[in-house]
Amino acid sequence: MIRKRYIILLAAALMSVQGACAQNASAEVPRHVVAFYNVEDLFDTEDDPLAADEDMLPLADRGWTEERYEAKLQSLARVVAQMGEEYGFPALIGMAEVENRAVMEDLAAQEAIAAAGYEVCHADSRDSRGIDVGFLYRPDVLHVDTFRTVEADCGYPLTRDFAVIDGRIDGERIYVVAVHLPSRRGGEWSERQRRACVSQVRRMVDSVREADAAVKVVVMGDMNDEPHNRSIKRDLGARGRVDGDTHLYNPFALRRRAGRGSYSYDGRWNMLDQIIVSPNLVSGDVGGLRLCRIDGRAMGRVFRREWMLRGGVPYATYRGSDYEGGVSDHLPVYVILGREEKAARN
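In terms of the numbering used here, the sequence shown opens at residue 6 and continues consecutively.
Right, dumping it as structure tokens:
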């Protein structure tokens, strides 16, 4: 019965996004990977007197040495390189849990991805641990007109600022907000914080769309909530189907119903990391920039390789204070943007 219900929901979703671009055998159509990745405590080994980074130093209990830092950079670069094997290096990667601009520049300089020519958008936030949200982007694909951070107005304790890019891909305006919402620790209080943050993001999205109806909007991040939770479904107004021009589209809602996830807790998968888009990225004008479904595969994808897992779950860098040596306790998520001369058939 559950399987039958899922098939019905999937069919409805496919029908609702029939304008999405599909694989085209007639020509080389550019595809652009847009991703989000919580990279789990990407810290350098230097003490920042303005941040509580004392546990990520060489002489700390965690023993965060230069060798471990370099190993993590190489592993993260390997993930990014493999994400780009089909359609080229990702055009844009939102990242959570980066300490500063320097660690993002060190990542961009890794041999495995140096050819992408990534540039960095980052600003220090008010988070007490000193972890921020930022972007790596390819300037040959994405032209960044402005980058800014917005303080999250969701009470105390202070959380990560929102990172915002306003730019252009293939000449079309795209507005991207990356977030790392408050942890689920804290129960009802932290839920109120997340809902306040998400409501603020929705106001930002509404404001930019009211000023420019053609703008393509992407909201990405570690939401610390699932697609069906109130913060995402109600406050952000993100649904697993295209429902007019009011609601945003969440391609990861169906992935969650199918049992997929980006993070595992107590042996259960959670889809905490999501990329959510404005409806005109699904059902917009023919020939415009839109989400792609390639070879019938899902629009919202979780990137995973066996080497990124341990015991079937994300291979973390740390478990508590114990060094595991993995790449991250989250898996990256991504979508593909492209164009088509005519609407796709599903």
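Note that the Cβ used here is the ideal one computed from N, Cα and C, for glycine as well.
Taking the alpha-carbon positions, what's the residue 209 to residue 64 distance? Counting from one through the sequence shown, the residue named residue 209 turns up at place 204. Counting from one through the sequence shown, the residue named residue 64 turns up at place 59. Taking the straight line from one Cα to the other gives about 43 Å.
Compute the distance between the beta-carbons of residue 231 and residue 304, then report whether it is under 8 Å. Indexing the sequence shown from 1 puts residue 231 at position 226. Indexing the sequence shown from 1 puts residue 304 at position 299. Result no, Cβ atoms of residue 231 and residue 304 do not sit closer than 8 Å.
Secondary structure of residue 172, DSSP reduced to three states: Taking the sequence shown and counting its residues from 1, the one referred to as residue 172 is at position 167. It is a strand residue.
Go ahead and pull the three-state DSSP assignment for residue 99. Taking the sequence shown and counting its residues from 1, the one referred to as residue 99 is at position 94. Strand.
Using the C-alpha atoms, what's the distance from residue 344 back to residue 5? With the chain running from 6 to 351 in the structure shown, residue 5 is simply not present.
Alpha-carbon spacing of residue 212 relative to residue 90, whole angstroms: Sequence index remark: in the sequence shown, residue 212 carries index 207 (1-based). Sequence index remark: in the sequence shown, residue 90 carries index 85 (1-based). So the alpha carbons of these two residues sit roughly 36 Å apart.
Whole-angstrom distance between residue 37 and residue 87, CA atom to CA atom: On the sequence shown, residue 87 is found 82 positions in, with the first residue counted as 1. On the sequence shown, residue 37 is found 32 positions in, with the first residue counted as 1. Whole-angstrom Cα-Cα distance: 14 Å.
Measure from the alpha carbon of residue 121 to the alpha carbon of each residue in 107, 95, 235 and 109, then state which is nearest. Looking up residue 121 in the sequence shown gives position 116. Taking residue 121 as reference, the option from 107, 95, 235 and 109 with the minimal CA-CA separation is 95.
Quick one: grab the DSSP three-state call for residue 94. In the sequence shown, the residue the question calls residue 94 occupies position 89. Of the three classes helix, strand and coil, the one that applies to residue 94 here is coil, per DSSP.
Report buried or exposed for residue 302, applying the criterion of at least 16 other Cβ atoms within 10 angstroms of its Cβ. Here the question's residue 302 lines up with position 297 in the sequence shown. Here residue 302 is exposed, its C-beta having fewer than 16 other C-beta atoms within 10 Å.
Residue 104 burial status per 10 Å Cβ neighbour count (16 or more: buried): Residue numbering aside, residue 104 sits at position 99 when the sequence shown is read from its first letter. Residue 104 is buried by the Cβ-count criterion.
Of the residues 288, 72 and 267, the one placed nearest residue 229, counting alpha carbons only: One-based indexing of the sequence shown puts residue 229 at position 224. Residue 267 is the option with its Cα nearest to residue 229.
Of the residues 274, 206 and 130, the one placed nearest residue 241, counting alpha carbons only: Along the sequence shown, read from residue 1 onward, the residue named residue 241 stands at position 236. Ranked by Cα distance from residue 241, the first of 274, 206 and 130 is 206.
Looking at the strands, I want to know which residues DSSP matches up with residue 295. The residue you call residue 295 lines up with position 290 of the sequence shown. Answer is 343.
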